[in-house]
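Here the structure comes first, spelled out in structure tokens, and everything after it is commentary.
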Amino acid sequence: MGTGHCPAVRFGVPRNAYRTLMSLLARTSIVSAATLASRVLGFARDAAIAAVLGAGPRADALMAALSLPLLARRLLAEGAFNLAFVPALFRARARGDGAAPGQLAAAVAVLLGGLLVVAGALGIVFMAPLIGLLAPGFEADGARAETAIACGRIALAYLPLAGLAAVFGGLANAAHRVLLPALAPVVANLTVLAVIAALVLSGEMDGTAAVYAIAAATVAAGVAQLALMMLAARGSGLWPAWQVPRGAPAWRAAGSVLRAAAPALLFAGLSQFRLLMAAALVSGAPGAVAALNYAQRLMDLPLGLVGASAGAVLVPALLRGGSGKDASASGALLAALAFALPAAVGLFVLAEPIVAVLFQRGSFSAEDSRMTAELLALLALSLPLQGLERILSATAAAAGLLAGAERVALLSLAVCLGGGAALGVLYGPAGATAGIAVSAAVSVGLLATLLARHGHLALEGRVVRVALGLAGAAALMGLGVTAAAQAWPAGPHGGIAAAPRLAVLVAAGMGIYGAAALLARRLA
Numbered sequence: 012m013g014t015g016h017c018p019a020v021r022f023g024v025p026r027n028a029y030r031t032l033m034s035l036l037a038r039t040s041i042v043s044a045a046t047l048a049s050r051v052l053g054f055a056r057d058a059a060i061a062a063v064l065g066a067g068p069r070a071d072a073l074m075a076a077l078s079l080p081l082l083a084r085r086l087l088a089e090g091a092f093n094l095a096f097v098p099a100l101f102r103a104r105a106r107g108d109g110a111a112p113g114q115l116a117a118a119v120a121v122l123l124g125g126l127l128v129v130a131g132a133l134g135i136v137f138m139a140p141l142i143g144l145l146a147p148g149f150e151a152d153g154a155r156a157e158t159a160i161a162c163g164r165i166a167l168a169y170l171p172l173a174g175l176a177a178v179f180g181g182l183a184n185a186a187h188r189v190l191l192p193a194l195a196p197v198v199a200n201l202t203v204l205a206v207i208a209a210l211v212l213s214g215e216m217d218g219t220a221a222v223y224a225i226a227a228a229t230v231a232a233g234v235a236q237l238a239l240m241m242l243a244a245r246g247s248g249l250w251p252a253w254q255v256p257r258g259a260p261a262w263r264a265a266g267s268v269l270r271a272a273a274p275a276l277l278f279a280g281l282s283q284f285r286l287l288m289a290a291a292l293v294s295g296a297p298g299a300v301a302a303l304n305y306a307q308r309l310m311d312l313p314l315g316l317v318g319a320s321a322g323a324v325l326v327p328a329l330l331r332g333g334s335g336k337d338a339s340a341s342g343a344l345l346a347a348l349a350f351a352l353p354a355a356v357g358l359f360v361l362a363e364p365i366v367a368v369l370f371q372r373g374s375f376s377a378e379d380s381r382m383t384a385e386l387l388a389l390l391a392l393s394l395p396l397q398g399l400e401r402i403l404s405a406t407a408a409a410a411g412l413l414a415g416a417e418r419v420a421l422l423s424l425a426v427c428l429g430g431g432a433a434l435g436v437l438y439g440p441a442g443a444t445a446g447i448a449v450s451a452a453v454s455v456g457l458l459a460t461l462l463a464r465h466g467h468l469a470l471e472g473r474v475v476r477v478a479l480g481l482a483g484a485a486a487l488m489g490l491g492v493t494a495a496a497q498a499w500p501a502g503p504h505g506g507i508a509a510a511p512r513l514a515v516l517v518a519a520g521m522g523i524y525g526a527a528a529l530l531a532r533r534l535a
């Protein structure tokens, strides 16, 4: 066979598609690395806050006050908004009018920024009833409520900054300028860490002054994030035309962008919405709001990596087409389970030493560590479910079943609130937190039913056997780690002194899971 038989094909992929794939993978690698760095720094930020404030009333107040700015960041500044905005920019540029993308960007910036300014102003005026809604348990503790109200009014200045950052980030991404937008969350977390470091160095860690400073640092982080996004968008060739757009088309297109973004924002914020509901339900217990937020931070890293592992399966499947596309959903599900199951079991079994090593220092006491570990173990139950939920909802959207997926998401939130409230009455903060797992289980079941009914999800026998094998390997890992932890009792103190024991237990768990998973794959 001659070497020139098929020069345009590598591994069955046309040369131009191969080059496109390499470009996409390069950009994806940049974003993935920056996302990982952001998650790690986000954890470092919360660990620093824990060291300064612990998990007491001041930390409760701060976490409640920051819940809306964090929700805005998750919805706007982390890419979901781009799913509607970037395609609209390409459509505007395709019309051949060189000013069209700039006019659209200006119209979107005015509409989105204006809406968020109004929302922020209303939030400042009505912050007291808003905190009453987000944390009804604060009502019995006047000082905690007052601190949360004051911090919330400071932090709401972040809302319009997040909206404008999303617009400029979309402009940069439309021009394939991914590095600076990907680094924006890193810069935001570094800004907050710098403020906390200044507090520690100055000795101003007592009283509510530290809480107010950290709330203000969130706004400073928003300014830094916006500045970086503007710098990234400056050379995109899509810079907004900073005058009132002429004619109705730009305004209609901007309205369409905001309407089209709503479903993506709902799916992107699902875990944050659940966290808000759970926090409201546990707010009557002192320290529970802060403990729940610290536990959720430890969940964010594996959840983000589940999405990355799914993407590694889906991208090649899209290039293959045909049967590769048909297998992409089941392949992504297996990839998510292969990572999420051992992560969930590890977080469940090792919740106490993980929290003790990572958080127990400074003002974060052993009792704070115990409460956070209890809530982390319960959150871990939802990790595989939330990973599957992300893949199934993305598959439903790609299959044109967006309306059905939206109904499932809204129903799951209703289950989270109702189920968490019922369980909270019986079991306190632990029951309210368990409502998150119940909600995710309902969502996965309904999404799988929706996809199967429309012929987009058909799990073959081998896929089921591999999934069961992975579950068995994770269970075996849990038993092995539990036995090892009992054979090597923890010392009386947390912090860095407990790190060697935790490292050995984690390494043992990884070894057991890896060997068991390989064996299960051979048997399947």
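In this note's numbering, the protein residues as written are 12 to 535.
We put the CB at the ideal spot given by N, CA and C, even for glycine.
Only a predicted model underlies this, so the values are computations on that prediction, with no experimental measurement involved.
**Asked** Under the rule that 16 or more other beta-carbon atoms within 10 Å means buried, what is PHE137, buried or exposed?
**Response** exposed
**Request:** Could you say which of TRP262, ASN184, ALA154, LEU170 lies nearest to VAL129 if we only look at CA atoms?
**Result:** LEU170
**Request:** Have a look at LEU369 and ILE225 and give me their C-alpha separation to the nearest angstrom.
**Result:** 20 Å
**Asked** Which residue comes first and which comes last in the alpha helix (DSSP H) that contains THR219?
**Response** Per DSSP, THR219 belongs to no alpha helix (DSSP H) and is neither H nor E.
**Message:** If you follow the alpha helix (DSSP H) that LEU361 is in, where does it begin and where does it stop?
**Reply:** Neither: LEU361 is in no alpha helix (DSSP H) and is coded neither H nor E.
**Request:** Mark ARG473 as exposed unless 16 or more other C-beta atoms lie within 10 angstroms of its C-beta, in which case mark it buried.
**Result:** exposed
**Request:** Go ahead and pull the three-state DSSP assignment for ASP57.
**Result:** helix
**Prompt:** When the Cα atoms are used, what is the spatial distance from ALA195 to ALA498?
**Reply:** 45 Å
**Item:** Which of helix, strand or coil DSSP assigns to PHE96
**Value:** helix
**Request:** Could you check what DSSP says for PRO251 in three-state terms: helix, strand or coil?
**Result:** Note: PRO251 maps to coil in three-state DSSP.
**Prompt:** Cα-Cα, which of GLU378, VAL63, GLN283 is closest to ALA299?
**Reply:** GLU378
**Request:** Could you say which of ALA509, ALA495, LEU481, PRO511 lies nearest to ALA526 if we only look at CA atoms?
**Result:** LEU481
**Message:** Tell me whether the region 437-444 and the region 459-470 touch, counting them as touching only if at least three CB pairs, one residue from each stretch, are closer than 8 Å.
**Reply:** no
**CB-CB length for LEU204 against ALA59, believed under 8 Å** = 6 Å
**Message:** So, under 8 Å CB-CB, LEU352 and LEU387 are touching, yes? Tell me the CB distance rounded to an integer number of Å.
**Reply:** About 17 Å separates the two Cβ atoms, so there is no contact after all.
**Prompt:** First and last residue of the alpha helix (DSSP H) that includes GLU150?
**Reply:** Note, GLU150: premise wrong, no alpha helix (DSSP H); not H, not E.
**Prompt:** In this structure, does DSSP put TRP262 in helix, strand or coil?
**Reply:** helix
**Message:** For a test of the three-state rule: what should DSSP assign to PRO297, helix, strand or coil?
**Reply:** coil
**Asked** Could you check where the alpha helix (DSSP H) with GLY491 kicks off and where it finishes?
**Response** 472-498
**Message:** Could you compute how far the alpha carbon of LEU210 sits from the alpha carbon of LEU64?
**Reply:** 12 Å
**Asked** Are the CB atoms of ASN200 and GLY53 nearer to each other than 8 Å?
**Response** Going by C-beta atoms, ASN200 is nearer than 8 Å to GLY53.
**Asked** Which class does ARG102 belong to by DSSP, given the choice of helix, strand or coil?
**Response** helix
**Asked** Roughly how many angstroms lie between the CA atoms of GLU385 and ALA484, to the nearest whole one?
**Response** In this structure, the alpha-carbon of GLU385 lies about 24 Å from that of ALA484.
**Request:** Measuring alpha carbon to alpha carbon, tell me which of GLU363, GLN397, ALA186, GLY246 ends up nearest THR383.
**Result:** GLU363
**Message:** Taking 8 Å as the threshold (C-beta atoms), are ALA117 and PRO251 in contact?
**Reply:** yes
**Prompt:** Are three or more beta carbon pairs between the region 83-103 and the region 259-273 nearer than 8 Å?
**Reply:** yes
**Prompt:** According to the Cβ coordinates, are GLU400 and LEU458 closer than 8 Å?
**Reply:** Yes. Within cutoff.
**Request:** Report buried or exposed for SER213, applying the criterion of at least 16 other Cβ atoms within 10 angstroms of its Cβ.
**Result:** exposed
**Request:** Following the continuous alpha helix (DSSP H) through ALA371, name the residue where it begins and the one where it ends.
**Result:** Note that residue 371 is Gln in the sequence shown here, rather than Ala. First-last for GLN371: undefined, no H or E at that position.
**Message:** Using only the alpha-carbon positions, how far apart do PRO327 and LEU345 sit?
**Reply:** Summary for PRO327: the model assigns pLDDT 37, below 50, so the residue's position carries little reliability; its value from the coordinates is reported in the next sentence. Near 15 Å, if we compare the C-alpha coordinates of LEU345 and PRO327.
**Prompt:** Buried or exposed: ILE559, going by 16 or more other Cβ atoms within 10 Å of its Cβ?
**Reply:** Any property of residue 559 remains undetermined from this structure, which presents the chain solely from 12 to 535.
**Request:** Could you tell me the distance, in whole angstroms, from the CA atom of LEU309 to the CA atom of LEU390?
**Result:** 10 Å
**Request:** Ignore the nearest five residues each way along the sequence and tell me which others in VAL453's own chain have a CB closer than 8 Å to its CB.
**Result:** Excluding sequence neighbours, VAL453 sits near LEU422, SER423, VAL426.
**Request:** Find out if the Cβ-Cβ distance for the pair GLY240, ALA176 is shorter than 8 Å.
**Result:** Strictly speaking, residue 240 in this sequence is Met, with Gly absent from that position. For MET240 and ALA176, yes; Cβs fall inside 8 Å.
**Message:** Checking 8 Å against the spacing of the C-beta atoms, do THR219 and ARG69 come in under that value?
**Reply:** Yes, these two residues count as a Cβ contact at 8 Å.
**Request:** Find out if the Cβ-Cβ distance for the pair ALA296, VAL197 is shorter than 8 Å.
**Result:** no
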